[in-house]
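*Asks:* Residue numbers (the working numbering), protein chains in the order written: chain A, 369 to 478; chain B, 41 to 152.
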Amino acid sequence: GIQVEQSPPDLILQEGANSTLRCNFSDSVNNLQWFHQNPWGQLINLFYIPSGTKQNGRLSATTVATERYSLLYISSSQTTDSGVYFCAVGGRGSNYKLTFGKGTLLTVNP
Amino acid sequence: DSGVTQTPKHLITATGQRVTLRCSPRSGDLSVYWYQQSLDQGLQFLIQYYNGEERAKGNILERFSAQQFPDLHSELNLSSLELGDSALYFCASSEGGYQPQHFGDGTRLSIL
Chain A
369 GIQVEQSPPD LILQEGANST LRCNFSDSVN NLQWFHQNPW GQLINLFYIP SGTKQNGRLS
429 ATTVATERYS LLYISSSQTT DSGVYFCAVG GRGSNYKLTF GKGTLLTVNP
Chain B
41 DSGVTQTPKH LITATGQRVT LRCSPRSGDL SVYWYQQSLD QGLQFLIQYY NGEERAKGNI
101 LERFSAQQFP DLHSELNLSS LELGDSALYF CASSEGGYQP QHFGDGTRLS IL
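As structure tokens, this is what we get:
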């Protein structure tokens, strides 16, 4: 099946800093979603982005499908951005299931 | 609020027992997915239903079963529970196909 690798595994920032999280995948995808898992365990849907670029406030994402990677940008980080960020993909022939990466643990310090 | 409702939020039980987790999808969504999040395995797909029919199976144990009812809600049944079944179980729903999946808040299952 499709492989998903996220980097870095851990990231510690000061409030106000910017960051870039990366997701590499091993095959063509028809679905790519970024999630934020907050300290309460909720999976918050950030972006549905199988290709192209999207922005939502301080967050933006870009997927370059031909090169099999996606980037999540967080600008002017806040302590509430802390948590685990997951990339999940649905590959062709995957029966629509999502395959998740191991996540990036982001800690934003005040 | 994703629109996907999972109950209960927390469940504590003992080894050997059986539990049922419930999921109500977003209004209009025909596909329901179940995922398991554990410390050692991460987030893994278990099973998918579309409009009442099973569509795909992932790493789901034989002790686990699921169904989707005519009103489109779904239940995940876990039996002969073992300590290793302790995990966060998520339900997600989508319109179908490769449309975005929306996740519920999960059911945290603890086996004592």
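In this text, a Cβ means the ideal position worked out from N, Cα and C, and glycines have one as well.
Hey, quick one: how far does the beta strand (DSSP E) through Ala398(A) stretch, first residue to last?
*Replies:* As a working note, residue 398(A) is residue 30 in the first sequence. The question names Ala, but residue 398(A) is Asn in the sequence shown. Element bounds for Asn398(A): Val397 to Gln405.
*Asks:* List, from N- to C-terminal side, the beta strand (DSSP E) runs of 3 residues or more that fit wholly inside the region 42-97 of chain B.
*Replies:* As far as the region 42-97 of chain B is concerned, its whole beta strand (DSSP E) runs of at least 3 residues are 45-47, 50-53, 59-64, 71-78, 82-90 and 93-97.
*Asks:* Identify the continuous beta strand (DSSP E) that holds Phe109(B) and give its terminal residues.
*Replies:* Numbered from 1 along the second sequence, position 69 holds the residue referred to as residue 109(B). Where Phe109(B) is concerned, there is no enclosing beta strand (DSSP E), given that its DSSP letter is neither H nor E.
*Asks:* Verify the CB distance criterion: does Leu61(B) have a CB-CB separation below 8 angstroms to chain A?
*Replies:* The residue labelled residue 61(B) in the question sits at position 21 within the second sequence. So, not an interface residue.
*Asks:* Using a Cβ-Cβ cut-off of less than 7 angstroms, give me the residues of the region 129-140 of chain B that come near chain A, in sequence order.
*Replies:* Going along the region 129-140 of chain B in chain order, one finds Phe130, Gly137, Tyr138 and Pro140 with a Cβ nearer than 7 angstroms to chain A.
*Asks:* The region 83-97 of chain B: which residues have C-beta closer than 8 angstroms to a C-beta of chain A, in chain order?
*Replies:* Listed in sequence order: Leu83, Gln84, Phe85, Gln88, Arg95 and Ala96.
*Asks:* Under the rule that 16 or more other beta-carbon atoms within 10 Å means buried, what is Val432(A), buried or exposed?
*Replies:* Position 64 of the first sequence holds residue 432(A). When all chains shown are included, Val432(A) counts as exposed.
*Asks:* Provide the residue span of the beta strand (DSSP E) that contains Leu411(A), from first to last.
*Replies:* Looking up residue 411(A) in the first sequence gives position 43. Segment Leu411 to Tyr416, the beta strand (DSSP E) holding Leu411(A).
*Asks:* Beta-carbon of Gln410(A) versus every beta-carbon of chain C: anything under 8 angstroms?
*Replies:* Structure shown: chain C not included; protein chains present are A and B.
*Asks:* What residue range is occupied by the uninterrupted beta strand (DSSP E) comprising Gly459(A)?
*Replies:* By one-based count along the first sequence, residue 459(A) stands at place 91. Looking at the DSSP string, the run of the beta strand (DSSP E) that includes Gly459(A) is Gly451 to Gly459.
*Asks:* Is the CB of Arg148(B) under 8 angstroms away from at least one CB in chain A?
*Replies:* In the second sequence, counting from the first residue as 1, residue 148(B) sits at position 108. By this cut-off, Arg148(B) is an interface position.
*Asks:* Judging by CA-CA distance, which residue of Gln81(B), Tyr73(B) and Asp41(B) is the nearest neighbour of Ser126(B)?
*Replies:* Indexing the second sequence from 1 puts residue 126(B) at position 86. Considering only alpha carbons, the answer is Gln81(B).
*Asks:* Nearest to Gln405(A) by alpha carbon, out of Ser119(B), Gly146(B), Ser150(B) and Leu123(B)?
*Replies:* Here residue 405(A) refers to the residue found at position 37 when the first sequence is read from its first residue. When each option's Cα is compared against that of Gln405(A), the closest is Gly146(B).
*Asks:* In three-state DSSP terms, what is Ala132(B)?
*Replies:* Within the second sequence, residue 132(B) is the residue found at index 92, counting from 1. Three-state DSSP puts Ala132(B) in a strand.
*Asks:* Any beta carbon of chain B sitting closer than 8 angstroms to that of Tyr464(A)?
*Replies:* Looking up residue 464(A) in the first sequence gives position 96. True, the Cβ-Cβ gap to chain B drops below 8 angstroms.
*Asks:* Quick check: Ile100(B) and Glu122(B), are their CB atoms within less than 8 angstroms of each other?
*Replies:* Taking the second sequence and counting its residues from 1, one reaches residue 100(B) at position 60. Taking the second sequence and counting its residues from 1, one reaches residue 122(B) at position 82. No, Cβ-Cβ distance for Ile100(B) and Glu122(B) is not below 8 angstroms.
*Asks:* The beta strand (DSSP E) with Tyr437(A) in it runs from where to where?
*Replies:* Within the first sequence, residue 437(A) is the residue found at index 69, counting from 1. Run containing Tyr437(A): Tyr437 to Ile442, per the beta strand (DSSP E) assignment.
*Asks:* At a Cβ threshold of 8 angstroms, is Gly451(A) touching chain B?
*Replies:* Position 83 of the first sequence, counted from the first residue, corresponds to residue 451(A). It does not: the Cβ of Gly451(A) has no partner Cβ on chain B nearer than 8 angstroms.
*Asks:* How many angstroms separate the CA atom of Thr53(B) from the CA atom of Ser387(A)?
*Replies:* Here residue 53(B) is taken as the residue at index 13 of the second sequence, counted from 1. Here residue 387(A) is taken as the residue at index 19 of the first sequence, counted from 1. Looking at the two C-alpha atoms, the distance is approximately 41 angstroms.
*Asks:* Residues of the region 45-57 of chain B in Cβ contact with chain A at a cutoff of 9 angstroms, in chain order, please.
*Replies:* Of all residues in the region 45-57 of chain B, none has a Cβ within less than 9 angstroms of some Cβ in chain A.
*Asks:* Please check the pair Asn117(B) and Ser133(B), which I expect to be a contact at CB under 8 angstroms, by giving their CB distance rounded to whole angstroms.
*Replies:* Walking along the second sequence from the start, residue 117(B) turns up at place 77. Walking along the second sequence from the start, residue 133(B) turns up at place 93. At roughly 19 angstroms, the Cβ-Cβ gap does not stay under 8 angstroms, so Asn117(B) and Ser133(B) are not in contact.
*Asks:* With distances taken Cα to Cα, identify the nearest neighbour of Ser375(A) among Asp395(A), Ser394(A) and Cys455(A).
*Replies:* Sequence index remark: in the first sequence, residue 375(A) carries index 7 (1-based). Checking every option, the nearest Cα to that of Ser375(A) belongs to Cys455(A).
*Asks:* Buried or exposed for Gln76(B), please, with buried defined as at least 16 other CB atoms from any protein chain shown within 10 angstroms of its CB.
*Replies:* Here residue 76(B) is taken as the residue at index 36 of the second sequence, counted from 1. Counting Cβ neighbours within 10 Å, Gln76(B) comes out buried, since at least 16 surround it.
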